[in-house]
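Residue numbers (our numbering): 726 to 1138. We put the CB at the ideal spot given by N, CA and C, even for glycine. What follows is a set of notes on a single structure, which appears directly below.
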Amino acid sequence: MITVKNVSKNYRIYHSPADRLKEIVTRKKYHKDLKALSGISFTVSDGETLGIVGENGAGKSTLLKILQGVIIPDEGEVSVTGKVTGLLELGTGFNSELSGVENIYMNGTMLGMSREELDAKKDEIINFTELGDAIYDPIKTYSSGMLMRLGFSIAIHADPACFLVDEALSVGDAYFQQKCMRAIQAFKEKGGSIIFVSHDMNAVRTLCDRTLFIDHGNLIDYGNTKDVVDFYQNKIIKKIHCGKAELNIKKADTENLEERSGMNTGEVELVSFKFLNEDNEEISSIESEKNVKIDYIIKTKKDLEEPHFGIIIRNYLGQTIFQIETDSMGLKPNKLSAFHLAHISFLLNFPLFPGKYSFSIGISNKGNGIGTFEEYLLTIYDLGILNVVPNRASILYSGIFNMKPKVELCYFE
Ligand SMILES: Nc1ncnc2c1ncn2[C@@H]1O[C@H](COP(=O)(O)OP(=O)(O)OP(=O)(O)O)[C@@H](O)[C@H]1O
């Protein structure tokens, strides 16, 4: 269990090392204060995976370093039952002149492992890295991927109660990343807690039970991952939005499940939303691999020079399975005048694995040709749920969708 109460951290920014000296000698202030974290509180229960999201410089790494005891907060309390380990900035806690093996002992000791524990686990740690004889070379000769292998292996073998996972993992090659993810999954299954910092929102949605959104060192949102991630992504879109009318973000209301989360400027209104089959009959379920029409009508309250229309399909984990809008499809819809209705119909084939899928819609104005817009007018999340049922004529497969495989077999005598 981790409890973080009211934690704050300030950094002193000096323009040059000389300023630091001048400050000591003259006792005048030669630095600027930067509040990297302000009054952050949260808990991580045993077995829980907590996500941390936020833009560059939000304070995520500072928070991880505090949890790992590498830096001390100026205010607040952190209480941890057991050890917190993980991959911090590559090379932290290593001595570049020492070999990989020597660093296992040095870094392992820093992570609270005894000499006996290290002797017993040394071979396991080395084997996990798959570094071969390079483990006996000084680590100054290592690539960043090799350092990451060593750092990860020591951290996961140090018997932590909580493991910190951040973007440092992405330094590893695809093979080792998969190996790390399997080790993290095994750690989670044994009841370990995880704190996961990432800019990959689909990964956060898949892995995290709860999520924390920080911005400029402040805790902006904390709770159910899906709602926090939607809110975070909407905040980013709000920054990009250049329209005259303010883009209001609406958070999911846990009390009233009928209330949809999303964003709007009030300049476009949704009139209806339906799923239709190929015979234009309204449906709420469909056999996998059949065609579906996503059909909606909107009413404008202002002229839209170049309106664009989109849909988002998400699975039960909240992962985006497919997202498309007319701008990314290379379309340039005609001008749509104020106080007019528009009927939008996306025809899609549905080769998805049976299950429930949520549909969201988005309407924007003036596309940049790459799926970003000058004005974001309306987004409504989880407007409709479509139940995809098995198609008896289909092959049996596992995964997300039917890739309709063809196989060629050739036997040699
Ligand atoms: N050692 C330091 N000295 C001075 N300022 C620092 C130091 N470390 C971080 N900062 C500042 O503190 C703020 C938070 O930085 P932090 O690295 O925690 O952000 P982050 O959310 O991890 O960003 P990113 O997503 O880019 O990794 C930033 O403004 C950064 O410049």
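Exercise answer, beta-carbon shell around ligand 1 heavy atoms below 6 Å: TYR736, ILE738, LEU759, ALA761, GLY779, ASN781, GLY782, ALA783, GLY784, LYS785, SER786 and THR787
LEU894, DSSP secondary structure in three states: helix
Nearest-angstrom beta carbon gap, ALA883 and GLY837 [assumed within contact, 8 Å]: 7 Å
Spatial neighbours of HIS1061 in its chain, beta-carbon cut-off 6 Å, leaving aside the 5 residues before and after: Reading the sequence as shown, one finds Leu at residue 1061 and not His. Closer than 6 Å at the Cβ level, and outside the excluded window around LEU1061, lie THR1025, LEU1029, PRO1032 and ALA1067.
Whole runs of the beta strand (DSSP E) within the stretch 787 to 823, excluding any shorter than 3 residues: 800 to 805 and 809 to 811
CA-to-CA distance, ASP758 to ASN989, given in whole angstroms: 37 Å
Segment limits, beta strand (DSSP E) that includes ASP940: 935 to 940
Cβ neighbour criterion (16 or more within 10 Å) applied to ALA1063: exposed
Cα-Cα separation, THR806 to ILE727: 6 Å
Distance CB(GLY833)-CB(ILE860) smaller than 8 Å: no
Short Cβ contact (8 Å threshold) for SER1070 with ASP1020: yes
Three-pair Cβ contact test at 8 Å for the stretch 893 to 911 versus the stretch 737 to 745: no
Backbone CA spacing between ILE885 and VAL809 [nearest angstrom]: Note on residue identity: the sequence assigns Pro, not Ile, to residue 885. PRO885 and VAL809: Cα-Cα distance of roughly 5 Å.
Reduced DSSP secondary structure (H/G/I, E/B, other) of PRO742: helix
Straight-line gap, GLU1012 to ASN735 (C-alpha atoms, nearest Å): 57 Å
Cβ shell of ILE1110 (< 8 Å), same chain only, five flanking positions each side left out: SER1009, LYS1081, TYR1082, SER1083 and PHE1084
Cβ neighbours of PHE1034 in the same chain (closer than 7 Å, five flanking residues each side left out): GLU1050, THR1051, ILE1069 and ILE1088
Buried or exposed (CB count within 10 angstroms, at least 16 for buried), GLU992: buried
Inter-stretch contact (C-beta, 8 Å, three-pair minimum) for the stretch 786 to 793 and the stretch 949 to 960: no
Counterpart residues of PHE1075 in DSSP-defined beta bridges: Looking at the DSSP assignment, PHE1075 forms no beta bridge with any residue, so it has no partner.
Three-state secondary structure assigned by DSSP to ASP1028: coil
Heavy atom of ligand 2 within 7 Å of GLY1035 beta-carbon: Of the ligands one can find in the structure shown, namely ligand 1, none is ligand 2.
Beta-carbon contacts of MET835 that lie in its chain and below 6 Å, excluding the five residues immediately before and after: GLY818
GLY811 vs LEU889 beta-carbon contact at 8 Å: yes
Residue closest to PHE998, alpha-carbon to alpha-carbon, out of ILE1105, GLY779 and VAL795: ILE1105
Alpha carbon of ARG745 to alpha carbon of SER821, nearest angstrom: 27 Å
Beta-bridge pairing of PRO885 - partner residues as DSSP gives them: In DSSP, PRO885 forms no bridge with anything.
Identity of the residues DSSP links to PHE1047 by a beta bridge: ILE1038
Candidates VAL1017, SER804 and HIS1065, of which the one nearest ASN731 by Cα: SER804
Proximity to CYS887 [Cα-Cα], best of ASP799, ILE939 and GLN793: GLN793
Inter-residue CB distance, GLU994 and ILE1023 (contact presumed, cutoff 8 Å): 7 Å
As assigned by DSSP and simplified to three states, the class of THR774: strand
Terminal residues of the alpha helix (DSSP H) in which ALA845 lies: 840 to 854
Cβ pair SER1119, ASN943 closer than 8 Å: no
Rounded separation between HIS924 and ARG930 - CA only: 11 Å
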